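Residue numbers (the numbering used here): 1 to 218.
Glycine included, each C-beta is placed from N, C-alpha and C at the ideal position.
This structure is a prediction, so every number in the text was calculated from the model and none was measured.
First up is the structure itself, then whatever we jot down about it.
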């Protein structure tokens, strides 16, 4: 992909925030072709942003139960200009309490260029363009269990199971129906080769589903 450089415009300083180093590194890789527009200052897994940054891009993958708390903590940091959520929430879903005070959610269905465009618009104080998600962009992204065949949604649900959440709690946090959660669990279990929740938890621990605690400066 060729990217046209922009003259006399400083790149946005961005911190990537999530619980998993694997997820953070995948996001950072996705932004590589846009280094004239986005500078990834740091990757933070369960660490405060040392900053200063224009935007903290927060991916709630695997940490839905902490979503509101994490957003509030990021918004309270003097080193963070704005908070942007990179998640599944769309206009058709109910507003999550933690998202009401945050910048608009940018969907994981957007391409990398659309994501960069959205970050720049939010930084300027404009709403992101109303571009509908077209597809999941998986080439650069990474998530726990990807190499074992789990989809991003299945990975997120297995992460929550590994952390001890019930099906109903997962449904409440992800704004999925209980039947959808059960369906994701069934397909994930088949891919994982497990048949019980205890086996799934053990599998999750063995395959990188326990949260990390690290800051990576770029």
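When secondary structure is reduced to three states using DSSP, residue 58 falls in the strand class. Following the DSSP letters along the chain, one finds residue 198 inside the alpha helix (DSSP H) bounded by residues 197 to 206. Per DSSP, residue 117 is one residue of the alpha helix (DSSP H) stretching across 112 to 123.
Counting every other CB atom within 10 Å of its CB across the protein chains shown gives residue 163 a total of 16 or more, marking it as buried. Residue pairing by DSSP places residue 16 opposite 43 and 57 in a beta bridge. Of all alpha-carbon atoms in 156, 128, 60 and 195, the one lying nearest the alpha-carbon of residue 45 is that of 60. A residue is called buried when at least 16 other Cβ atoms come within 10 angstroms of its Cβ; residue 128 meets this threshold and is buried.
Checking the DSSP bridge columns, you'll see residue 87 partnered with 107.
Counting the other Cβ atoms within 10 Å of the Cβ of residue 26 gives 16 or more, which makes it buried. Of all alpha-carbon atoms in 41, 158 and 185, the one lying nearest the alpha-carbon of residue 63 is that of 158. Residue environment: residue 38 is assigned as buried (16 or more neighbouring CB atoms within 10 Å of its CB, all protein chains considered). In the structure shown, residue 35 adopts coil according to DSSP, grouped into three states.
In the DSSP assignment, residue 63 forms no beta bridge with any residue. When DSSP states are grouped into helix, strand and coil, residue 188 belongs to the helix group. Counting other Cβ atoms within 10 Å of its Cβ, residue 149 stays below 16 and is therefore classed as exposed. Within the same chain, 161 and 162 come within 7 Å of residue 201 by CB-CB distance, once the 5 residues on both sides are set aside.
The three-state reading of DSSP puts residue 142 in coil, since its state is none of H, G, I, E or B. Rounded to whole angstroms, residue 12 and residue 181 show a C-alpha spacing of 37 Å. If you look at residue 217, you'll find it in the beta strand (DSSP E) that goes 214 to 217. Using a Cβ distance threshold of 8 Å, residue 17 and residue 40 do not count as a contacting pair.
Residue 205 has its alpha-carbon roughly 32 Å from the corresponding atom of residue 55. Minimum Cα-Cα distance from residue 197 among the listed residues 113, 208, 165 and 179 corresponds to 165.
When the alpha-carbon of residue 19 is set against those of 199, 125, 49 and 116, the nearest one is in 49.
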